[in-house]
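Student: Take this structure first; my questions come after.
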Amino acid sequence: MSAGGITAEPPVIAAPPPSGEPGRLSRYVAGAIFLAPALALLAVWMVYPAVYTIIRSFFGQSGYLGHWVAFDNYRHLFTTSTLTTAIKNNAIWVAVVPAFVTAIGLIFAVLTERVRWSVAFKTVVFLPMAISAFATGVTWRIMYQQDPNQGAINALGRSIKGVVSPAGVLPNALPSTPSILSSPNGSLVLKTPLAPGGRALLGLTGIAPDAVPKGGVQAVDPPQKSGDIVGVVWRDFKPGGGKPGVVEKGELGLPGVTVQLRNAAGKTVQSTSTKPNGTFDFAKVPSGSYQAAVGSQTFAKPWGGFSWLGPSLITPALLIAYIWIWAGFAMVVIGAGLAAMPRDVLEAARTDGASEWQVFRRVTVPLLAPVLSVVFITMIINVLKVFDLVIALAPESVQSNANVIALAMWRTAFGGTNDFGTGSAIAVFLFLLVIPVLALNIRRFKRDV
Amino acid sequence: MAATAAVELPAPRDKVAARVLRAVAKAPIHLVLVVLGALWIVPTVGLFITSILPASALASKGWWQIFSKPSIATWANYDAMFHNHGLIGALKTTAYIAIGNTLLVVVLGAMAGYAFAWLDFPGRDWLFIGVIGLLVVPLQMALIPMFRLYDSLSLYDTVFGIILFHVAFGLPFAIFLLRNFFIGLPKDILESARIDGASEIVIFVRLILPLGLPAIASLAIFQFLWTWNDLIVALTFGQNTQPITVWIFGQLREFGTSIDVIAPASFISLVVPLAVFFGFQRYFVQGLLAGSVK
Chain A
56 MSAGGITAEP PVIAAPPPSG EPGRLSRYVA GAIFLAPALA LLAVWMVYPA VYTIIRSFFG
116 QSGYLGHWVA FDNYRHLFTT STLTTAIKNN AIWVAVVPAF VTAIGLIFAV LTERVRWSVA
176 FKTVVFLPMA ISAFATGVTW RIMYQQDPNQ GAINALGRSI KGVVSPAGVL PNALPSTPSI
236 LSSPNGSLVL KTPLAPGGRA LLGLTGIAPD AVPKGGVQAV DPPQKSGDIV GVVWRDFKPG
296 GGKPGVVEKG ELGLPGVTVQ LRNAAGKTVQ STSTKPNGTF DFAKVPSGSY QAAVGSQTFA
356 KPWGGFSWLG PSLITPALLI AYIWIWAGFA MVVIGAGLAA MPRDVLEAAR TDGASEWQVF
416 RRVTVPLLAP VLSVVFITMI INVLKVFDLV IALAPESVQS NANVIALAMW RTAFGGTNDF
476 GTGSAIAVFL FLLVIPVLAL NIRRFKRDV
Chain B
11 MAATAAVELP APRDKVAARV LRAVAKAPIH LVLVVLGALW IVPTVGLFIT SILPASALAS
71 KGWWQIFSKP SIATWANYDA MFHNHGLIGA LKTTAYIAIG NTLLVVVLGA MAGYAFAWLD
131 FPGRDWLFIG VIGLLVVPLQ MALIPMFRLY DSLSLYDTVF GIILFHVAFG LPFAIFLLRN
191 FFIGLPKDIL ESARIDGASE IVIFVRLILP LGLPAIASLA IFQFLWTWND LIVALTFGQN
251 TQPITVWIFG QLREFGTSID VIAPASFISL VVPLAVFFGF QRYFVQGLLA GSVK
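Chains as they are written, first to last, in my numbering: chain A, 56 to 504; chain B, 11 to 304.
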């Protein structure tokens, strides 16, 4: 902050001209000449349009002015669903982003003060500030792809989820014969009742060749064994089709499949896993009637990923990307404030026995309050005007769900319907929202003068 | 700092031990920062890797497949980009807009900033307050009227029209920044130049501009990046006059199938801002700090 002293605003007013009337006049002229081009541009490109837009907001949809509609356009603002969505979403933005950006910036600024490679870290976090919000939108759209095979965020989610509840070995398998039933909980049950010495043939299809679990070899129809219930789980399909329900040459066993033996009450009494040739063996089964089943965990579908770009998650997705952009800004501004902080106050607190947390909470944060509020207010304005990121990141089909005020204004006025009346009203509404900040700026200037 | 002072007295071996101890104590911070840094760099790296993969590879797998199979990387997408007239034209348009706007804002902003800082005339402070007021006017307030006006002025769909819109909306900040910087320049230098009979033009060109260079550099970088990265102005006031952002925007509808165009074009669009950022980081940060009082 001190470097260059740009923000330093000493209460210096140019001294009144020493004397000499001709000098004063020529200075007026010079002032006019120096100011004229800038003021002319500001008048034509900012003042005139602002006035026009305010007036235009009371007139109908099209034409130079349209017809007088009084406050109808403003009523649309609060009754049309896409516009109320925009206002609601923008309220969420204002509630979430400034707080998060300020907090993250503060944490980053404090943490980086403690390491030597802070420059590298700051550069990396600050980079998104230089990139267009538009390109950032494209970047995050790649990150947010729903298929965990394609979108990095869902890929990360899947690998975390895989630890908690792993996907089954045969997520897409189907029974090969009608004698095998799908039960509601997802397991497959062989209809035919089995007694000790029986044999269960559990043929499955719908398994792509590369989806056969590793180690699968030629399936074997196991010989019956007295006292045991044996069986095989195999890929009941070979090129050309083969005969369903019969283990044939060229058909592979499915290893690692959990097979359950259920008693007449449907309760699992034994559970085992298949061998590379697909066979399994329930040893020493007491007499009775049983059913063989392949457990539902075998068919558990892999996690499909969150639909970040879908209607319900698009706003959180946008908020994350936006915070990612602006965290660097907050970190740098707060870091500058931190660097300018009187070290002796911190040291005094530490010598008095304050813990690091107490120093942070009771000294650092209060001393930084002005800087934090600057960041916070800047973020409120930025968030009210957010446009590029939304239009780039949100697919067109969900833009109504992702709508924000600036985007609603543009879509209303230029997105096909060309409703200049309502568009003007939205622009004025946006302007009204930032006016308190304008008042704040002017007050600060007056105080400084 | 206090810790360093405290371990000054003991023997060197303790010094090493203390240093190791401190390094170990700091390990969690390093670890946290490494993870956070990774979070911040991964999306951009992902964009770059996506841009060097063939579309066929991206149809079923994400960009990180490159780590298991680096040989699929190819410059073919970029090669196609540089033979794409639409994209080359868009890059040129972007450069014209960004450079034209930056020059105009700097010159006009410096002139006005000088007038507000050092030329005394009636109503000066009120005018300046007016300029500060314009700082927060959202550009949405001007889109509709200027859209109509541009039509009658034949400025619609021209580079010049887009530049002028940017200049107008860049000026309040430029004037605010430069006026505040100029007013901090040593008064006696200016006064003695005036007493020596130098005209205001000479003072402006010979004294103010060189002395104000740090602030002007910040401003220029900011303006350049702002217009280079703009979407909304060009989208509204251009149809065939398309800067890179608008050009990519036109491809977004087919995001999945055009990813081999969108990703490299997006990456090209951010190479220039990144170069500017790395080249002038100091000024960029200064401008940001000054601008944050906005």
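Here a beta-carbon is modelled for each residue, glycine too, at the ideal position from N, C-alpha and C.
Quick check on DSSP: helix, strand or coil for residue 106 (chain B)?
Tutor: Position 96 of the second sequence, counted from the first residue, corresponds to residue 106 (chain B). In the structure shown, residue 106 (chain B) sits in a helix (DSSP, three-state: H, G or I).
Student: Under 8 Å between beta-carbons, which chain B residues line up against residue 186 (chain A)? List them in chain order, please.
Tutor: Your numbering for residue 186 (chain A) matches position 131 in the first sequence. Here the neighbours are 54, 239, 280, 283, 284.
Student: Report yes if the CB atom of residue 464 (chain A) is closer than 9 Å to the CB atom of residue 482 (chain A), and no otherwise.
Tutor: In the first sequence, the residue the question calls residue 464 (chain A) occupies position 409. In the first sequence, the residue the question calls residue 482 (chain A) occupies position 427. The answer is yes: Cβ separation under 9 Å.
Student: Return yes when the Cβ of residue 267 (chain B) is within less than 9 Å of the Cβ of residue 65 (chain B), no when it is not.
Tutor: The count along the second sequence starts at 1 and reaches residue 65 (chain B) at position 55. The count along the second sequence starts at 1 and reaches residue 267 (chain B) at position 257. A contact, by the Cβ cut-off of 9 Å.
Student: So is residue 489 (chain A) in contact with chain B if we call contact Cβ pairs under 9 Å?
Tutor: Residue mapping note: residue 489 (chain A) aligns to position 434 of the first sequence, counting from 1. Closer than 9 Å to some Cβ of chain B, the Cβ of residue 489 (chain A) qualifies, so yes.
Student: When you check each C-beta in the region 151–164 of chain B against every C-beta of chain A, which residues fall closer than 9 Å?
Tutor: The region 151–164 of chain B vs chain A, Cβ under 9 Å: 151, 152, 153, 154, 155, 156, 157, 158, 159.
Student: Count the other CB atoms, across all protein chains shown, that sit within 10 Å of the CB of residue 86 (chain A); report buried if there are 16 or more and exposed otherwise.
Tutor: As a working mapping, residue 86 (chain A) is identified with position 31 in the first sequence. Residue 86 (chain A) should be labelled buried.
Student: For residue 76 (chain A), decide whether its Cβ has a neighbour in chain B, counting only Cβ atoms nearer than 9 Å.
Tutor: For the purposes of this step, residue 76 (chain A) is identified with residue 21 of the first sequence, where counting begins at 1. Residue placement at residue 76 (chain A) is poorly supported in this model, since its pLDDT is 49, which falls under 50; the coordinates still yield a value, given next. Chain B, which has no Cβ nearer than 9 Å to the Cβ of residue 76 (chain A), makes this no.
Student: According to DSSP, residue 314 (chain A) sits in a beta bridge with which residue or residues?
Tutor: Position 259 of the first sequence, counted from the start, is the residue given in the question as residue 314 (chain A). Paired residue(s): A:327, A:349.
Student: Is any beta-carbon of chain A found at less than 9 Å from that of residue 170 (chain B)?
Tutor: Start at 1 with the first residue of the second sequence, and residue 170 (chain B) comes out as number 160. So no, residue 170 (chain B) is outside the interface.
Student: Within the chosen definition, does the region 119–126 of chain A reach the region 382–396 of chain A through at least 3 CB pairs nearer than 8 Å?
Tutor: No, because fewer than three Cβ pairs between the region 119–126 of chain A and the region 382–396 of chain A fall closer than 8 Å, the two stretches do not touch.
Student: I'd like the ranges of any alpha helix (DSSP H) spanning at least 4 consecutive residues and lying wholly in the region 156–199 of chain B.
Tutor: If we require 4 residues or more, the alpha helix (DSSP H) runs fully inside the region 156–199 of chain B come out as 169–192.
Student: For my contact list, residue 144 (chain B) and residue 101 (chain A) are in at a C-beta cut-off of 8 Å; report their separation, rounded to the angstrom.
Tutor: As a first step, residue 144 (chain B) is located in the second sequence; it is residue number 134 there, counting from the start. As a first step, residue 101 (chain A) is located in the first sequence; it is residue number 46 there, counting from the start. Indeed they touch by this definition, with Cβ atoms about 5 Å apart.
Student: Find the nearest neighbour of residue 233 (chain B) within the set B:179, B:81, B:85, judged by alpha-carbon distance.
Tutor: Reading the second sequence from its first residue, position 223 is the one you call residue 233 (chain B). Minimum Cα distance to residue 233 (chain B) is reached at B:179.
Student: On the three-state DSSP scale, how would you describe residue 183 (chain A)?
Tutor: Taking the first sequence and counting its residues from 1, the one referred to as residue 183 (chain A) is at position 128. The answer is helix: DSSP assigns residue 183 (chain A) an H, G or I state.
Student: Just to confirm, are residue 259 (chain A) and residue 231 (chain A) a CB contact at a threshold of 9 Å?
Tutor: For the purposes of this step, residue 259 (chain A) is identified with residue 204 of the first sequence, where counting begins at 1. For the purposes of this step, residue 231 (chain A) is identified with residue 176 of the first sequence, where counting begins at 1. Going by C-beta atoms, residue 259 (chain A) is nearer than 9 Å to residue 231 (chain A).
Student: Would you mind working out which of A:355, A:288, A:361 sits nearest residue 315 (chain A), comparing C-alpha positions?
Tutor: In the first sequence, counting from the first residue as 1, residue 315 (chain A) sits at position 260. Taking only the C-alpha atoms, the option nearest residue 315 (chain A) is A:288.
Student: Do you know how far the Cα of residue 304 (chain A) is from the Cα of residue 79 (chain B)?
Tutor: Position 69 of the second sequence, counting from 1, holds the residue named residue 79 (chain B). Position 249 of the first sequence, counting from 1, holds the residue named residue 304 (chain A). Whole-angstrom Cα-Cα distance: 35 Å.
Student: Tell me where the beta strand (DSSP E) around residue 255 (chain A) begins and ends.
Tutor: In the first sequence, residue 255 (chain A) corresponds to position 200, counting from 1. Residues 254–260.
Student: Starting from residue 236 (chain A), trace the beta strand (DSSP E) in both directions and tell me its first and last residue.
Tutor: Counted from its first residue, the first sequence places residue 236 (chain A) at position 181. Residue 236 (chain A) -> beta strand (DSSP E) spans 235–237.
Student: Tell me, please, whether the region 137–146 of chain A touches the region 451–469 of chain A by the rule of three or more beta-carbon pairs shorter than 8 Å.
Tutor: Verdict: yes, contact present.
Student: Are three or more beta carbon pairs between the region 93–110 of chain B and the region 236–255 of chain B nearer than 8 Å?
Tutor: The region 93–110 of chain B vs the region 236–255 of chain B: in contact.
Student: Output the distance between the C-alpha atoms of residue 317 (chain A) and residue 254 (chain A), rounded to the nearest integer angstrom.
Tutor: Sequence index remark: in the first sequence, residue 317 (chain A) carries index 262 (1-based). Sequence index remark: in the first sequence, residue 254 (chain A) carries index 199 (1-based). The straight-line gap from Cα to Cα measures roughly 14 Å.
Student: Residue 47 (chain B) CB to nearest chain A CB: under 9 Å?
Tutor: By one-based count along the second sequence, residue 47 (chain B) stands at place 37. Taking Cβ atoms only, chain A reaches closer than 9 Å to residue 47 (chain B), which makes this a yes.
Student: Might you give, ordered along the chain, the residues of its own chain that have their beta carbon closer than 6 Å to the beta carbon of residue 161 (chain A), omitting 5 neighbours on each side?
Tutor: Numbered from 1 along the first sequence, position 106 holds the residue referred to as residue 161 (chain A). Closer than 6 Å at the Cβ level, and outside the excluded window around residue 161 (chain A), lie 389.
Student: Does residue 133 (chain B) pass the burial test, meaning 16 or more other C-beta atoms within 10 Å, or should it be called exposed?
Tutor: Start at 1 with the first residue of the second sequence, and residue 133 (chain B) comes out as number 123. So residue 133 (chain B) counts as exposed.
Student: Could you check the C-alpha separation between residue 76 (chain B) and residue 267 (chain A) for me, to the nearest Å?
Tutor: Sequence index remark: in the second sequence, residue 76 (chain B) carries index 66 (1-based). Sequence index remark: in the first sequence, residue 267 (chain A) carries index 212 (1-based). Roughly 25 Å between the two C-alpha positions.
Student: Tell me residue 286 (chain A)'s beta-bridge partners as DSSP assigns them.
Tutor: One-based indexing of the first sequence puts residue 286 (chain A) at position 231. Residue 286 (chain A) pairs with A:255, A:335.
Student: Identify each residue in the region 439–471 of chain A for which the Cβ-Cβ distance to at least one residue of chain B is less than 9 Å, and report them in chain order.
Tutor: Here the close residues are 439, 440, 442, 443, 446, 447, 450, 451, 460, 461, 464, 465, 468, 469.
Student: Which residues does DSSP list as the beta-bridge partners of residue 49 (chain B)?
Tutor: Start at 1 with the first residue of the second sequence, and residue 49 (chain B) comes out as number 39. Note: residue 49 (chain B) sits in no beta bridge, so no partner.
Student: Can you list, in chain order, the residues of its chain with a C-beta nearer than 7 Å to that of residue 200 (chain B)? Leave out the 5 residues immediately preceding and following it.
Tutor: Position 190 of the second sequence, counted from the start, is the residue given in the question as residue 200 (chain B). Result list for residue 200 (chain B): 128, 213, 217, in chain order.
Student: What residues match up with residue 230 (chain A) in a beta bridge as DSSP calls it?
Tutor: Working through the first sequence from its first residue, we reach residue 230 (chain A) at position 175. In DSSP, residue 230 (chain A) forms a bridge with A:259.
Student: I need the straight-line Cα distance from residue 439 (chain A) to residue 399 (chain A), nearest angstrom please.
Tutor: On the first sequence, position 384 is the one that residue 439 (chain A) refers to. On the first sequence, position 344 is the one that residue 399 (chain A) refers to. Cα-Cα distance, rounded: 39 Å.
Student: For the alpha helix (DSSP H) containing residue 40 (chain A), list its first residue and its last residue.
Tutor: This structure gives no information on residue 40 (chain A), because the portion of chain A shown stretches from 56 to 504.
Student: Going along chain B in order, which residues have a C-beta closer than 8 Å to the C-beta of residue 416 (chain A)?
Tutor: Walking along the first sequence from the start, residue 416 (chain A) turns up at place 361. The premise fails here: residue 416 (chain A) is roughly 18 Å from chain B at the closest Cβ pair, so nothing lies under 8 Å.
Student: Given this structure, state the Cα-to-Cα distance separating residue 72 (chain A) from residue 79 (chain A), to the nearest angstrom.
Tutor: Translated into positions along the first sequence, residue 72 (chain A) becomes position 17. Translated into positions along the first sequence, residue 79 (chain A) becomes position 24. Note that residue 72 (chain A) scores 47 on pLDDT, short of 50, meaning its location in the model is unreliable; the coordinates nonetheless yield the value given after this. Approximately 7 Å between the Cα atoms of the pair.
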